[in-house]
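Heads up: the structure comes next, in structure tokens.
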Amino acid sequence: MENTKITIKDARFVTKKNILLIIDGNIGCGKSTLLQYIKSRNDVEVVLEPINKWKNVEGQSLLHHV
Numbered sequence: 001m002e003n004t005k006i007t008i009k010d011a012r013f014v015t016k017k018n019i020l021l022i023i024d025g026n027i028g029c030g031k032s033t034l035l036q037y038i039k040s041r042n043d044v045e046v047v048l049e050p051i052n053k054w055k056n057v058e059g060q061s062l063l064h065h066v
């Protein structure tokens, strides 16, 4: 079997739809580095998680209760 590289542009052509990509992972695994690479493309929109909204709920951090 031949190894085929499919790019984001190729995937959009095939699906004819926008692609939603969710990045999740452990601290220090390279999520931010990957997002920086993705943001450098002209055909991609990056929507960051609104951390400030869930870190300040009624003056307290939700992480404090975990």
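Just so you know, we're using the UniProt record's numbering here: the sequence shown kicks off at 1 and counts up by one. Positions of the beta carbon are idealized from the N, C-alpha and C atoms, including for glycine. Note that the structure is predicted; figures quoted are calculated from it, not measured.
Host alpha helix (DSSP H) of Ile38 (start-end): Along the sequence shown, read from residue 1 onward, the residue named residue 38 stands at position 38. Lys31 to Lys39 is the span of the alpha helix (DSSP H), which, as asked, contains Ile38.
Taking the CB atoms as reference points, tell me whether Ile23 and Lys31 lie closer together than 7 Å. Numbered from its first residue, the sequence shown carries residue 23 at position 23. Numbered from its first residue, the sequence shown carries residue 31 at position 31. Their beta carbons are under 7 Å apart, which means Ile23 touches Lys31 by this criterion.
I'd like to know whether the C-beta atoms of Val46 and Ile38 end up nearer to each other than 7 Å. Stepping through the sequence shown from its first residue, residue 46 is reached at position 46. Stepping through the sequence shown from its first residue, residue 38 is reached at position 38. Yes, these two residues count as a Cβ contact at 7 Å.
Provide the residue(s) that pair with Val57 in DSSP beta bridges, ordered along the chain. Here residue 57 refers to the residue found at position 57 of the sequence shown. Partner(s): Gln60.
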